[in-house]
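S.K.: When the letters of the sequence shown are read in order and numbered with this note's numbering, they come out as residues 404 to 857.
Built from N, CA and C at the ideal position, the CB exists for glycine as well.
As the structure is a computational prediction, the values presented were derived from the model and not from experiment.
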Amino acid sequence: MNYWDLLASDAVQGFIEEALSRKWDALQVSTALHKAGYSNEERATIMDYKALVPKFREKFFEEASRKGKFLLCDKLALEQSTAQDIGRWKAGIWPHEGSVNDLCCGMGGDSFFLPAGLKITGVDLDENRLAMYRHNMAVFGKDVGTIYADVREVASSNCAGNGAAEEGTGKDGAEKEGADYFTIDPARRALEGENQRDLRNLTPSLEEVVEISWHYKGGMAKLPPGYPPAEIPDGTEILYLGGHSDCRECLVLFGELAKHPDTVRAVIVGKTGETLAEWSRKRDRSLETLDDDLQEKLDRNDSLEGKDRTYRTATSRSDLPLGEISKYLAEPAPVLIRSHLFNAAAIAHAPEAHLISEGIAYVTSEIPLPAPAFASYEILAHTEIATGAVRAMLKDHGIGKITLKLRGVKLDPDAETKRLKPKGKNEAILFYTRAQGEKIAILTKRVPSSKLPI
């Protein structure tokens, strides 16, 4: 029995359900497994897996325990897998019939919510991942095929992009059929638990994904949100997807799935996969590259100090002007920052909206900007970032509890809060950021949704 057979067995899954319902601690779990006759190695495997169960239940909600069965995964597969809300939203992009290859299929997150009329084949070069995929797709009630092979080899023998399909055999002897569409989530981890510092270090690379796309009628590639947009080819549709407070992926659509080619969209997705808000613009490559002066500043940052440094938190330069602090401060939704759509969204509601410092996506205006595009704050006061000055500002407004937000300033927020020792009955949000390049502390209170423009 291999470990995936062990974890998928009724005995182990029933044991984990009991341990979770009784809230056993690690010692109780280990003792019970020892009494049940499991080896030391089996006990460690079961305990590691048990720790993941609450996490995939949270990521996939009620879908995680269909038909009384848990999903199979390891830590890395779970971290990279697409969650239920984004997965359900992406399901609306697909046609309702045809066939699709899930390339680099992993535990199956990109296949769970595909339309029922699509014939699905998972492709991976990791037999453990394919074992997870088969089990999990069965839990979701889907009958799928799998191919143990390099996804680049599978794609190169697929001719659906030219109106035909080739058949062959994968390395595991399984029949390999051509598919109409593909979805791919390139690997982006070098070592377990360690993020790749270079977002372009994907396997397969984006260049290889583009080559893969030539062999299909259409498809989608999931990239990290911070992937350099200038490297994404023309003719594709780029979508930035996330919730109110995050941007989780940059989705690139190819071929027939790109209904709006050379368009950039930003979408805030609700918990059940519904669209809460959406913005779009025609792609403008001039927004994806930095002018020479700004690039030089960024390159020289290590040797610059104070206001001479440049802090770029967006993925491209902003076309909003710089100006003084106004009555309100707004944080754009992360999907708007990544997609470079916050400029237009801000000006549409407040034509005088502007930035307070180059390269930092804090927008200031005379009126609050609307949700969910922005989180808006009324400015109460501001001062230099010096302990005495900030402490005096908090005292003047009776602030005893603060939420500290940092952008363009590096320090430990917990240590800074203790150092300020706020005392008072009121609460506030304190921003440590830059204004015209200089460090500044801005004291604010959140504008309630009932007072925001529609």
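Quick check: the Cα distance between L537 and K493, rounded to an integer number of angstroms?
M.R.: Within the sequence shown, the letter at position 134 stands for residue 537. Within the sequence shown, the letter at position 90 stands for residue 493. The question names Leu, but residue 537 in the sequence shown is Arg. The straight-line gap from Cα to Cα measures roughly 21 Å.
S.K.: Kindly give me the distance between the Cβ atoms of A776 and L739, rounded to whole angstroms, as I take these residues to be in contact under 8 Å.
M.R.: Walking along the sequence shown from the start, residue 776 turns up at place 373. Walking along the sequence shown from the start, residue 739 turns up at place 336. That pair is a contact at about 6 Å.
S.K.: Measuring CB atoms only, is the stretch 471-483 touching the stretch 436-450, in the sense that at least three cross pairs come out at less than 8 Å?
M.R.: Judged by Cβ distances under 8 Å, the stretch 471-483 makes no contact with the stretch 436-450, as fewer than three pairs qualify.
S.K.: By Cβ distance below 8 Å, which residues in the same chain neighbour M450 in space, the five residues on each side in sequence not counted?
M.R.: One-based indexing of the sequence shown puts residue 450 at position 47. So the qualifying residues of the chain are A429, V432, S433 and L436.
S.K.: Using alpha carbons as the reference points, say which of E611, I782, L455 and N561 lies closest to E420.
M.R.: If you number the sequence shown from 1, residue 420 lands on position 17. Residue L455 is the option with its Cα nearest to E420.
S.K.: Can you name the residues that DSSP bridges to D505?
M.R.: Within the sequence shown, residue 505 is the residue found at index 102, counting from 1. G525 and T586, per the DSSP bridge assignment.
S.K.: Looking at the structure shown, is V672 part of a helix, part of a strand, or coil, going by DSSP?
M.R.: On the sequence shown, residue 672 is found 269 positions in, with the first residue counted as 1. Looking at V672 - three-state DSSP - the assignment turns out to be strand.
S.K.: What does DSSP give as the partner residues of Y780 in its beta bridges?
M.R.: As a first step, residue 780 is located in the sequence shown; it is residue number 377 there, counting from the start. Answer by DSSP bridge pairing, in chain order: L732 and R849.
S.K.: In the DSSP assignment, what are the bridge partners of F834?
M.R.: Position 431 of the sequence shown, counting from 1, holds the residue named residue 834. In the DSSP output, where bridge partners are listed per residue, F834 has K808 and I845.
S.K.: Determine the direct distance from the alpha carbon of M535 to that of L814, and round the result to whole angstroms.
M.R.: In the sequence shown, residue 814 corresponds to position 411, counting from 1. In the sequence shown, residue 535 corresponds to position 132, counting from 1. Straight-line Cα distance between these residues: approximately 42 Å.
S.K.: Report the partner residues of G621 according to the DSSP bridge assignment.
M.R.: Start at 1 with the first residue of the sequence shown, and residue 621 comes out as number 218. In the DSSP output, where bridge partners are listed per residue, G621 has Y584 and G658.
S.K.: By the three-class DSSP mapping on this structure, what secondary structure does A435 have?
M.R.: Numbered from its first residue, the sequence shown carries residue 435 at position 32. A435 falls in the helix class under three-state DSSP.
S.K.: With DSSP run on the structure shown, which of helix, strand or coil describes L855?
M.R.: Your numbering for residue 855 matches position 452 in the sequence shown. Here L855 sits in coil by DSSP.
S.K.: How many whole angstroms separate the CB atoms of S779 and A733, which I take to be in contact at a CB cut-off of 8 Å?
M.R.: As a working mapping, residue 779 is identified with position 376 in the sequence shown. As a working mapping, residue 733 is identified with position 330 in the sequence shown. That belief holds up - the Cβ atoms of S779 and A733 are roughly 5 Å apart, short of 8 Å.
S.K.: For Y643, write down the residues that DSSP places opposite it in a beta bridge.
M.R.: For the purposes of this step, residue 643 is taken as residue 240 along the sequence shown, with counting starting at 1. DSSP, once it has assigned bridges, lists C653 and A669 as partnering Y643.
S.K.: Where does T639 land, buried or exposed, given buried means 16+ other C-beta within 10 angstroms?
M.R.: The residue labelled residue 639 in the question sits at position 236 within the sequence shown. Buried, by the Cβ-count rule.
S.K.: Whose CA, out of E677, T666 and F543, lies closest to the CA of K685?
M.R.: Locating residue 685 in the sequence shown gives position 282, where the first residue counts as 1. Ranking E677, T666 and F543 by Cα distance to K685 puts T666 first.
S.K.: DSSP on S768, reduced to helix/strand/coil?
M.R.: On the sequence shown, position 365 is the one that residue 768 refers to. Reduced to three states, the DSSP call for S768 is strand.
S.K.: Thinking C-alpha only, which one of D637, V526, S560 and K620 is nearest P589?
M.R.: Translated into positions along the sequence shown, residue 589 becomes position 186. That would be V526, whose Cα lies nearest to the Cα of P589.
S.K.: Rounded to whole angstroms, what is the Cα-Cα separation between P518 and G581?
M.R.: As a working mapping, residue 518 is identified with position 115 in the sequence shown. As a working mapping, residue 581 is identified with position 178 in the sequence shown. Cα to Cα, the separation comes out at about 18 Å.
S.K.: Between the beta-carbon of I759 and the beta-carbon of I728, is there less than 8 Å?
M.R.: For the purposes of this step, residue 759 is identified with residue 356 of the sequence shown, where counting begins at 1. For the purposes of this step, residue 728 is identified with residue 325 of the sequence shown, where counting begins at 1. Yes. Within cutoff.
S.K.: Would the beta-carbon of A844 fall within 8 Å of that of I802?
M.R.: In the sequence shown, the residue the question calls residue 844 occupies position 441. In the sequence shown, the residue the question calls residue 802 occupies position 399. No, Cβ-Cβ distance for A844 and I802 is not below 8 Å.
S.K.: Suppose the cutoff is 6 Å on Cβ atoms and the five residues either side in sequence are ignored; what does the same chain contact list for M796 look like?
M.R.: The residue you call residue 796 lines up with position 393 of the sequence shown. A784, T786 and L846, listed in sequence order.
S.K.: Nearest CA to the CA of R668: which residue from L533, A764, I587 and A747?
M.R.: Translated into the one-based positions of the sequence shown, residue 668 becomes position 265. Selected option, being the one with the closest Cα: A747.
S.K.: Kindly indicate the opening and closing residues of the alpha helix (DSSP H) around Y441.
M.R.: Indexing the sequence shown from 1 puts residue 441 at position 38. Premise fails: Y441 is in no alpha helix (DSSP H) and is neither H nor E.
S.K.: For a quick check, are the C-beta atoms of K462 and A422 less than 8 Å apart?
M.R.: Looking up residue 462 in the sequence shown gives position 59. Looking up residue 422 in the sequence shown gives position 19. Contact flag unset, no.
S.K.: Are the Cβ atoms of R491 and F516 separated by less than 8 Å?
M.R.: In the sequence shown, counting from the first residue as 1, residue 491 sits at position 88. In the sequence shown, counting from the first residue as 1, residue 516 sits at position 113. Result yes, Cβ atoms of R491 and F516 sit closer than 8 Å.
S.K.: Run through the DSSP bridge pairs and tell me what W682 is partnered with.
M.R.: By 1-based counting over the sequence shown, the position of residue 682 is 279. DSSP, once it has assigned bridges, lists A669 as partnering W682.
S.K.: Is it true that the CB of C507 sits closer than 8 Å to the CB of V554?
M.R.: For the purposes of this step, residue 554 is taken as residue 151 along the sequence shown, with counting starting at 1. For the purposes of this step, residue 507 is taken as residue 104 along the sequence shown, with counting starting at 1. Contact: yes.
S.K.: I'd like to know whether the C-beta atoms of M510 and A541 end up nearer to each other than 8 Å.
M.R.: The residue you call residue 510 lines up with position 107 of the sequence shown. The residue you call residue 541 lines up with position 138 of the sequence shown. Not a contact, by the Cβ cut-off of 8 Å.
S.K.: Could you tell me how far apart the beta carbons of N531 and W407 are, in whole angstroms, since I believe they sit closer than 8 Å?
M.R.: By one-based count along the sequence shown, residue 531 stands at place 128. By one-based count along the sequence shown, residue 407 stands at place 4. With a Cβ gap of about 7 Å, N531 and W407 count as contacting.
S.K.: Considering only the alpha carbon of each residue, which of D477, D513 and T524 lies closest to M623?
M.R.: On the sequence shown, residue 623 is found 220 positions in, with the first residue counted as 1. Checking every option, the nearest Cα to that of M623 belongs to D513.
S.K.: Just verifying my parser: in three-state terms, what is the DSSP assignment at N539?
M.R.: Numbered from 1 along the sequence shown, position 136 holds the residue referred to as residue 539. Three-state result, N539: helix.
S.K.: May I have the straight-line CA-CA distance separating K426 from F418, to the nearest angstrom?
M.R.: Counting from 1 along the sequence shown, the entry for residue 426 is found at position 23. Counting from 1 along the sequence shown, the entry for residue 418 is found at position 15. Approximately 12 Å, taken between the alpha carbons.
S.K.: Is any heavy atom in the ligand FAD found nearer than 7 Å to the beta carbon of N829?
M.R.: This structure lacks the ligand FAD, and indeed carries no ligand of any kind.
S.K.: What is the DSSP secondary structure of I750, counted as helix, strand or coil?
M.R.: Taking the first residue of the sequence shown as position 1, residue 750 is located at position 347. Three-state DSSP puts I750 in a helix.
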